[in-house]
Amino acid sequence: MTRLHQCRSSPSKLSRSGKRTSKSRICLRKLAQSTGNLELRRNYVPRSQDETSALIEPQLKSQKESWLALALFSALLCSQCCVWNTWGPIAGFALQAFPNWNESLVALLSDWGCISYLTCCVPCCWLLYKKGLAMSLRMAAILSTMATFVRCVFHEENIFTITAHTAAILNGLSGVILGPATALVSAVWFPPGERTTATGISSACNQLGMAISYLIGPAVVGNTAVYNTTFSTRNASSSESAAFDKAYSRALRVQIMSLMRIEFVGQFLILVGVLCFLPKEPCQSLVPSEISERLGLVESVVRLLK
Numbered sequence: 001m002t003r004l005h006q007c008r009s010s011p012s013k014l015s016r017s018g019k020r021t022s023k024s025r026i027c028l029r030k031l032a033q034s035t036g037n038l039e040l041r042r043n044y045v046p047r048s049q050d051e052t053s054a055l056i057e058p059q060l061k062s063q064k065e066s067w068l069a070l071a072l073f074s075a076l077l078c079s080q081c082c083v084w085n086t087w088g089p090i091a092g093f094a095l096q097a098f099p100n101w102n103e104s105l106v107a108l109l110s111d112w113g114c115i116s117y118l119t120c121c122v123p124c125c126w127l128l129y130k131k132g133l134a135m136s137l138r139m140a141a142i143l144s145t146m147a148t149f150v151r152c153v154f155h156e157e158n159i160f161t162i163t164a165h166t167a168a169i170l171n172g173l174s175g176v177i178l179g180p181a182t183a184l185v186s187a188v189w190f191p192p193g194e195r196t197t198a199t200g201i202s203s204a205c206n207q208l209g210m211a212i213s214y215l216i217g218p219a220v221v222g223n224t225a226v227y228n229t230t231f232s233t234r235n236a237s238s239s240e241s242a243a244f245d246k247a248y249s250r251a252l253r254v255q256i257m258s259l260m261r262i263e264f265v266g267q268f269l270i271l272v273g274v275l276c277f278l279p280k281e282p283c284q285s286l287v288p289s290e291i292s293e294r295l296g297l298v299e300s301v302v303r304l305l306k
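Letter by letter, the sequence shown follows residues 1 to 306 in full-length UniProt numbering.
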């Protein structure tokens, strides 16, 4: 109070130029110290709040990227499994649409996925190890899209048979990449407490693709079966029956090609999403309990065989 009284009692003279004297400046400084500098800044933000927002905002962004990566990966798994099981639900109609086909050929189209897994598992694991997860997922999406595209080009029986086998092999290679990546996606983009949930979601989407193939296949192919049943109950000549069989086979072939185009459009949209919106792999700091010695590919295979 004495400082305040002294400062108020001392006259603050102004010079002609409008500047305060050194004595008045000292007095004002003492006045500010005595009142505790009660004036607060309007835009003042506590330091603790700045630190909290700096920690929360990157975490929210990383969580959005993690769930986006899981959504794209799950959609890719779903479509790949749906393409793999294309011929199972419509096997009977495929045999009628392509007279030179047999049951062994239709079964082989589905078996190419297992054959690809047995022959290309080690190279695909090496690809995941060397090129990273994001690059491998993009390559898997490209392979599945190429598989669905080659089936839409030709509809003649001989050429379509070749393209169907080629598509089955390409889609099988995509499945070999996506199989080991299921647990890897959860480990890369999710913390330990959420990895089980992420793995369960991606595995469920894989089975969802199997279920969708049983819905979309019979829904698109086989609508002309009623006409075939009606015609078979009539007493028709052999020439009329042969003409009807050709027309029925042609109609089934058109429906099968429509199914091929539907699967291509869906797979192409997923490819665009993976190429444009798949986030980069996050740089996560390792917990001491998660740090372990990384083995080479050959040594890992040897230990696995033991």
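Note that beta-carbon positions come from the ideal geometry of N, C-alpha and C, so glycine has one too.
- Secondary structure of T163 (DSSP, three-state): helix.
- Taking C-alpha positions only, K130 is separated from W87 by approximately 34 Å.
- A straight line joining the alpha-carbon of L170 with that of R138 spans about 14 Å.
- When the beta-carbon positions are compared, Q96 and L252 come within less than 7 Å of each other.
- The alpha-carbon of F93 is positioned some 24 Å away from that of S144.
- Going by DSSP, C152 is part of no alpha helix (DSSP H) at all; its letter is neither H nor E.
- With a cutoff of 7 Å on beta-carbon distance, I212 and C82 are scored as near each other.
- Going by beta carbons, V185 and F268 fall outside the 7 Å limit.
- Counting along the chain, E281 sits inside no alpha helix (DSSP H), nor does DSSP assign it H or E at all.
- Contact between the segment 174 to 181 and the segment 192 to 200 is absent, with fewer than three C-beta pairs closer than 8 Å.
- Just so you know, the alpha carbons of P99 and I256 end up roughly 14 Å apart.
- The residue among S116, V106, A107, C121 with its C-alpha nearest the C-alpha of V301 is C121.
- Here V274 has L72, L76, L137, R138, A141 as same chain residues with Cβ atoms under 7 Å from its own Cβ, once five neighbours each way along the sequence are excluded.
- Under the three-state reduction of DSSP, F98 is assigned to coil, being neither helix nor strand.
- Judged by DSSP in its simplified three-state form, W87 adopts coil rather than helix or strand.
- Judged by their CB atoms, A181 and T199 are not nearer to each other than the 7 Å cut-off.
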